[in-house]
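Enquirer: Structure below; questions to follow.
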Amino acid sequence: MKEPQGTSGLILNEPLLWEKGKKGRCGFSMPRRDVVPSPLDEGLTGDGPDFPDLSEVDVVRHYTRLSQWNFGVDTGMYPLGSCTMKYNPKINEREASLPGFAGAHPLLPPDLSQGALELMYRLEQYLAEITGMDAVTLQPAAGAHGELTGMLLIHAYHKSRGSHRLKIIVPDTAHGTNPASAALCGFHPVAVKSGEDGIIPAEAITAIMDEDTAGIMITNPNTLGLFEENIREIAEVVHSKGGLVYGDGANMNAVMGIVQMGKIGFDVMHLNLHKTFSTPHGGGGPGSGPVCVKDILEPFLPVPRVIKKGDEYLLSGDFPESIGKLQAFYGNFGVMIKACSYIMSMGSEGLKRASQLAVLNANYIKEHLKDSLYLPYDRACMHECVFSDRLQEAEKITTLDMAKRLMDYGFHPPTIYFPLVVHGAMMIEPTETESKEDIDRFIEALKSIVAEAGKDPDLLRRAPTRPKVRRLDETAAARKPRLTG
Amino acid sequence: MRYLPHTEEDVSSMLRAVGAKDINDLFSMIPGNCKIENNLKLPEGLTEWELNTLMDSLSKNMAVSPAYKIFMGAGSYNHYIPESVSYLLGRSEFSTAYTPYQPEISQGTLQAIYEYQTLVTRLLGMEVANASMYDGASALAEALLMAIRVTKRKKVAISKLIHPYYRDTVRTYLEPGNYEIVELPRLEDGKTDISGVAGMDDLAAVAIQSPNFFGCIEDLRSTGEVAHKSGALFVLSFTEPMAYGLFKNPGCQGADIVCGEGQSLGIPQSFGGPGLGMFACRMKHVRNMPGRLVGKTTDMDGKPGFVLTLATREQHIRREKAKSNICTNNSLCALASAMYMASLGGTGIRELACLNYDKAEYLKRGLKEAGFYIPFSSPTFNEFVVNFGENFKDTYKKLMEQRIIAGVSLATWYPELSGHYLLCVTETMGREDMDTLIKEVRS
Amino acid sequence: MKEIEELFLPDNVRYAETHEWARDDDGNVTVGINDYAQDQLGDIVFVELPEVGATLDKGEEFGTLESVKAVSEIYMPVSGEITAINEALEEAPELVNQEPYNRGWIIEVKPDDPDEINTLMDNNEYIETLKGDE
């Protein structure tokens, strides 16, 4: 094979912030003092926090060095399953930092904030069109926050009809956030097993759905990267017993312009703007998790809502059945700008093409690796494919070892040990923004790692060797937590 | 489309490799009745330059500083952000990474968040801080749920002087669990009346905000004492962390959980989000804490390094028994605030907080001298309430035409305070602008 | 992970299906988790212990064991009152891995019925259930 991408550049050590600096330095241009000091009750004041004093250069070097220890999408292929680590367009950063947006106070009167309100209104319309749902709230701050919103909506819906349902069906292929979000609303999650083919049989739902069950939380395409083909039958069963269907839209990147979520029986679903709609993940947020609903749930959406009256946009809190607020203001507006910019840049054709190519890339990887790695569900996948380490068991090589070795080759590892239904899972989601050459290089790297597992398994167990640090002692970290310095 | 690298040749050779004739074949397993019949009704894709024109025009349709003089705070504050912070935050190694699940190639994010956790504990005087929550309001809701878990009790007492939107958020979060929320009234001096707490039983938490919604500094120590006497945790919320550059921190005054909004520390206001939920508590409660935590450890060679730790509290492991469902938080905003705190330093943040205090006092004094009544006598930081009178609405509108926004009307949330306005001044407001406001409202 | 024949399953304790062991120590019952369970869990980083004085029924959860990436519940092998907890585990949870039957014990119970312990499995019966799992 060609020389691997992974190599060792010059990486600089950098101490902790408070191990640097000197009392009296400052990296901040102190504004001119144009008022006199005012007296202050000394009983109330303190000495100020014990922060290190650093110069601007100290701060810039510190964070520049730290950044060089990180791997991002701009560094290379980041095939983290279920996370949709696609390229984050740079122009979107410019739009979000326009002074009119970035400097806007959230309590500005509507006639002084028409630009922001119009953008939010437009984005809601776009997301409703993309999902085929009737109404949208942009307030949830992330996917899990969207799930919580969805559960609160379902809770409020049943309550408004005088029924108190305690259970919710959650398939074994669900994200861990699903049962946690349901539990926050007092629902007791009831697990249901996916079938041999990796999807949920409608009969399994018929068997457990009853009038004490509020509904079902279902991810489609599911976390095995498979389309839930029985979704309409499942939705009918749930609806026939008065339940509602919650769709986890984390995997929407597979089906934009192809599947109409409104048609397949979803009553409520969330989207992750930081996945499908290209906003950068920021090393763990901020994200944005809009929730799209059918008419029946619209009265319960969080307030305030953006409405249009004539040519004017307004924020309205006048929705008496609303579940209330999920956070102080209207959601992560800065993230919405980027997602809206993305949708407007891609247009209808571009979004559909993105989904088509995301699915093509995943199937291409699946075909090329299925002889090297065990493929538990050998069927056409959507935007991601799931392998396992079963073929490497003889050498006692695990998914973790292969994932760590991938770093030495210059790739971010896939999602590992999820979904839980596949023992030793390795979940690969290339996304549409990876070129054929990069995907070929990735395939070649994994094949070469599989070969190494046979010849020199220790090479994998010692991996990675090229990053700044090697495998870390997580047991010690958890036994004696050192959470501050 | 420039984000899609595939040439026609790539597509056909890849289709051949997967045994499909046409790209639509890849979707053949999707039942026909699930598919979209026509194309999505979205505008045609824009060029980069068209997008710029459109966004420029939308963003110009907004009233922002410095063209407008905005005396509004109420949970969102206009502070200067050093260019170095914005510049460093734009480094795509930080911004385009996922949550640091693979520590070997995420040490930058991990060390930075470990440093953030440390700076937050130092600012608030607490023992442990998490890697961030969504915003101040949801952080307060999570803090109350945490207190309910720790004490195994079902009632919380929250001050009426906590930001109204935070209280709304708390109600949303606590509604399905049937937890009881009691609101603590306010005193004449602009602080919370905690005298009723002693008579309440089964109390999980007593929550106040300081500086509170009226800008007043609350009496933390006695609130903590009353809370602890009734076996409840003392939860302190805040919207303006800059105050703790100057005032005594909540940790040294008995707070068990401190949570609030960190937007003031280097994060643009951005029409209310993304902000930064800061969350800190006592070490003895760490296993009941929501959110991610970064810890220090060593690698196989004994070199120091950082990992996500105590993950068994979280949703991906404990599922329905998790301490919270939070997953993605506001990591990049936490990073921004760490950069900001590092740029200011201990000396700088105290000086800047003093300047904020002095400027707000200048305006307060000026309005008082102009004959307006300042109803609350407690010391304030950055924000204060002034009674402009019932007929101020027209003046407010007139000022708006002159590009001055004279604060936030309190009547919406406190009907008994009609004619009262909450004004905010930070270091970004010049003396001349304050003089103009005083002159205009007087006339 | 260990093969079944590598497990240490002493014959002086009784075994529950949920992998706890119980030993009659002069009328009180000492409880821990067995070698199989500690091996499956991996490095234990935290033990959540119950309050002394709590009275629980057989099969009720009395605490949890945490490894880095898993949490598992531990259940009462017999009904009774908890009379002691192993406080050493707060500082050294690794004792559960290192000496599961000695210094890694978890609780001591005053059983409601001193004979209930005899309804648990002996080591040979327990090994059979493990084989059945495979």
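Residue numbers (this note's numbering), protein chains in the order written: chain D, -4 to 480; chain F, 64 to 506; chain R, 77 to 210. Quick reminder that beta carbons are idealized off the backbone N, C-alpha and C, glycines included.
Could you pull the start and end residues of the beta strand (DSSP E) that F/Asn450 belongs to?
Expert: Run containing F/Asn450: 446 to 450, per the beta strand (DSSP E) assignment.
Enquirer: With DSSP as the reference, label D/Pro184 as helix, strand or coil.
Expert: DSSP places D/Pro184 in strand when its eight states are reduced to three.
Enquirer: Starting from D/Val55, trace the alpha helix (DSSP H) both ways and give me its first and last residue.
Expert: Unbroken alpha helix (DSSP H) run through D/Val55: 51 to 62.
Enquirer: Could you tell me whether the region 37 to 47 of chain D touches the region 374 to 386 of chain D, using the rule of 3 or more Cβ pairs below 8 angstroms?
Expert: In short, these stretches do not touch, since the Cβ pair count stays below three.
Enquirer: Note down, in chain order, every chain R residue with its Cβ under 7 angstroms from the Cβ of D/Thr470.
Expert: Those within 7 angstroms of D/Thr470 in chain R are Asp119, Val121, Val144.
Enquirer: Please list the terminal residues of the continuous beta strand (DSSP E) segment that includes R/Trp97.
Expert: R/Trp97 -> beta strand (DSSP E) spans 96 to 101.
Enquirer: Out of D/Asp306, D/Asp290, D/Phe272, D/Ile229, point me to the one whose CA is closest to D/Ser482's CA.
Expert: Nothing can be reported for residue 482 of chain D, as the shown portion of chain D is limited to -4 through 480.
Enquirer: From this set, F/Gly287, F/Lys217, F/Pro248, which residue's C-alpha is nearest F/Asp264's C-alpha?
Expert: Checked all of F/Gly287, F/Lys217, F/Pro248; the closest Cα to F/Asp264 is F/Lys217.
Enquirer: Would you kindly work out how many angstroms separate the C-alpha atoms of D/Thr59 and F/Pro166, rounded to a whole number?
Expert: One C-alpha to the other measures close to 18 angstroms.
Enquirer: Alpha carbon to alpha carbon, what distance is there between R/Asp191 and R/Glu137?
Expert: Between R/Glu137 and R/Asp191, the C-alpha separation is close to 21 angstroms.
Enquirer: Sorted by chain position, which residues of the same chain lie with C-beta nearer than 8 angstroms to D/Thr172's C-beta, five sequence neighbours on each side aside?
Expert: Same-chain partners within the cutoff: Gly138, Ala139, Glu142.
Enquirer: Who does R/Gly135 pair with in a DSSP beta bridge?
Expert: BP columns for R/Gly135 are empty, so no partner.
Enquirer: For the region 400 to 412 of chain F against the region 322 to 342 of chain F, are there 3 or more C-beta pairs whose distance is under 8 angstroms?
Expert: Yes, the region 400 to 412 of chain F is in contact with the region 322 to 342 of chain F.
Enquirer: Considering Cα atoms alone, identify which of D/Ala323, D/Leu478, D/Val301 is closest to F/Thr360.
Expert: Of the candidates D/Ala323, D/Leu478, D/Val301, the one whose C-alpha sits nearest the C-alpha of F/Thr360 is D/Leu478.
Enquirer: Which residues in the same chain have their Cβ closer than 6 angstroms to the Cβ of D/Pro285, if we skip the five residues on either side of it in sequence?
Expert: Same-chain partners within the cutoff: Leu122, Val131, Leu133, Leu266.
Enquirer: When the Cα atoms are used, what is the spatial distance from D/Ile211 to D/Leu292?
Expert: When rounded, the distance between both Cα atoms is 15 angstroms.
Enquirer: How about F/Phe297 and F/Cys322: do their beta carbons lie closer than 9 angstroms?
Expert: Contact flag unset, no.
Enquirer: Which residues does DSSP list as the beta-bridge partners of F/Leu486?
Expert: According to DSSP, which records beta bridges pairwise, F/Leu486 is partnered with F/Phe447.
Enquirer: Does DSSP put D/Asp129 in a helix, in a strand, or in coil?
Expert: Three-state DSSP puts D/Asp129 in coil, outside helix and strand.
Enquirer: Could you work out which residue in D/Gly319, D/Ser350, D/Leu415, D/Asn8 is closest to F/Glu238 when comparing CA atoms only?
Expert: Nearest option by C-alpha distance: D/Gly319.
Enquirer: Assuming D/Thr410 and D/Gly76 make a contact with CB atoms under 8 angstroms, what is their CB distance in whole Å?
Expert: Confirmed, Cβ separation roughly 4 angstroms.
Enquirer: Taking any Cβ of chain F, which residues in the region 145 to 166 of chain R have a Cβ under 9 angstroms from it, in chain order?
Expert: Those would be Lys145, Ala146, Val147, in chain order.
Enquirer: Just the Cα atoms here: how many angstroms apart are F/Asn241 and R/Trp97?
Expert: Those two C-alpha atoms are separated by around 40 angstroms.
Enquirer: Here's a check: name, in chain order, each residue in its chain whose Cβ is nearer than 7 angstroms to the Cβ of F/Pro163, leaving out the five neighbours to either side.
Expert: Around F/Pro163: Ser169, Thr172, Leu173, Leu371.
Enquirer: Determine which residues of the region 203 to 217 of chain D have a Cβ less than 8 angstroms from any Cβ of chain F, and write them out in chain order.
Expert: Listed by position, the residues of the region 203 to 217 of chain D near chain F (Cβ gap below 8 angstroms) amount to none.
Enquirer: Measuring only the C-alpha atoms, how far is D/Gly157 from F/Ala210?
Expert: Those two C-alpha atoms are separated by around 30 angstroms.
Enquirer: Measure the C-alpha to C-alpha separation of R/Ile161 and R/Ile182 and round it to an integer number of angstroms.
Expert: About 6 angstroms.
Enquirer: Among F/Arg230, F/Asp282, F/Ala204, which residue has its Cα nearest to the Cα of D/Leu179?
Expert: The shortest Cα separation from D/Leu179 among F/Arg230, F/Asp282, F/Ala204 belongs to F/Ala204.
Enquirer: Can you confirm whether D/His234, when its beta carbon is compared against all beta carbons of chain F, has any partner nearer than 9 angstroms?
Expert: False, the Cβ-Cβ gap to chain F never drops below 9 angstroms.
Enquirer: Could you check where the beta strand (DSSP E) with R/Asn104 kicks off and where it finishes?
Expert: Where R/Asn104 is concerned, the enclosing beta strand (DSSP E) stretches over 104 to 109.
Enquirer: Counting Cβ pairs, one atom from each stretch, are 3 or more of them under 8 angstroms apart for the region 21 to 28 of chain D and the region 387 to 407 of chain F?
Expert: The answer is yes - the region 387 to 407 of chain F touches the region 21 to 28 of chain D, with three or more Cβ pairs under 8 angstroms.
Enquirer: State buried or exposed for D/Arg27, treating a residue as buried only when at least 16 other CB atoms are found within 10 Å of its CB.
Expert: D/Arg27 comes out exposed.
Enquirer: Near D/Pro196, which residues of its chain fall below 7 angstroms by C-beta distance, leaving aside the five closest residues on each side in sequence?
Expert: So the qualifying residues of the chain are Gly190, Asn225.
Enquirer: For the putative contact between D/Gly95 and F/Lys123, defined by C-beta atoms under 8 angstroms, what is the C-beta separation to the nearest angstrom?
Expert: About 6 angstroms separates the two Cβ atoms, so the contact holds.
Enquirer: Are the beta-carbon atoms belonging to D/Gln322 and F/Ala261 less than 9 angstroms from one another?
Expert: Contact: no.
Enquirer: Rounded C-beta distance between D/Asn83 and F/Thr159? I'm assuming under 8 angstroms.
Expert: About 5 angstroms; that satisfies the 8 angstroms criterion.
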